[in-house]
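What follows is a single structure, written as structure tokens, with notes after it.
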Amino acid sequence: MAPAHERLMDSYLDSFDGWEAVGWLGQACYFGRFLLQWLASERAQKIVVPAAFWWMSLLGSVCATAYAFVQHNLFFMAGPCINFFLFVRNLWLARTGQPLESRVFVPFAVGVLTLAVTVALWSWDFSQPLPWILVGGCGTVLWSIRFPVQWWIAE
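Note that this note's numbering gives residue 139 to position 139 of the sequence shown, counting from 1, and the numbers run on in steps of one.
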């Protein structure tokens with residue numbers, strides 16, 4: 001019998017398709033943006049966030065959302081979908097230097113939050129043990145909320 005890692009890889013490669021490539025492209029964008037930001041900060045000898053960071057974030061978000069949608073994993077789709085709007089906002093802020101006005105910011109933030117809750121509840125898998133659902137839900141919320149918090153602080 002082949003070692004477990006070989007069986008796992010063979011099984012994965014048997015099901016690899018174009019959507020898997022889209023998912024990996026999204027992951028590469030998410031990783032690459034931090035590598036880019038780190039190198040830019042090292043070069044400037046201070047913390048900087050180049051516009052390319054947000055463009056890579058946007059592409060990674062689109063790829064991850066598309067992959068999650070095709071995989072029918074709406075729970076996973078919530079984070080990239082929410083972050084897409086925040087990345088667009090950060091590109092706007094970087095380009096114009098103007099934060100969104102409060103009359104736009106509040107409805108936009110409420111809309112994004114409503115979308116997140118709707119997607120999470122719609123895709124809830126009640127067949128899983130409740131403790132694991134709670135752990136996964138808390139992890140997703142904590143992972144996804146870092147950008148709304150950054151947005152709120154920046155405004």
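Beta carbons are placed, not taken as given, at the ideal position from N, Cα and C, and that holds for glycine.
Residues near residue i by beta carbon distance below 6 angstroms, same chain, minus five either side
i, result
"A51", "A94"
"G32", "M56"
"P80", "S61, A64 and T65"
"F84", "S61"
"L59", "C29"
Outcome for residue i when other beta-carbon atoms lying within 10 angstroms are tallied against a minimum of 16
i, result
"S15", "exposed"
"S61", "buried"
"F34", "exposed"
"I89", "First, the amino acid is wrong: residue 89 is Arg here, not Ile. So R89 counts as buried."
"G26", "buried"
"L86", "buried"
"A44", "exposed"
"I153", "exposed"
Distance CB(residue i)-CB(residue j) smaller than 8 angstroms
i, j, result
"Q71", "F53", "no"
Cβ neighbours of residue i in the same chain (closer than 7 angstroms, five flanking residues each side left out)
i, result
"V22", "C63, A66 and Y67"
Cut-off 8 angstroms between Cβ atoms - residues of its own chain near residue i, not counting five sequence neighbours on either side
i, result
"L91", "A51, W54, W55 and L58"
Chain B contact for residue i (CB, 8 angstroms cutoff)
i, result
"L35", "The structure shown contains no chain B; it holds only a single protein chain."
key: At least 3 beta-carbon pairs within less than 8 angstroms: the segment 70-77 vs the segment 37-48   = no
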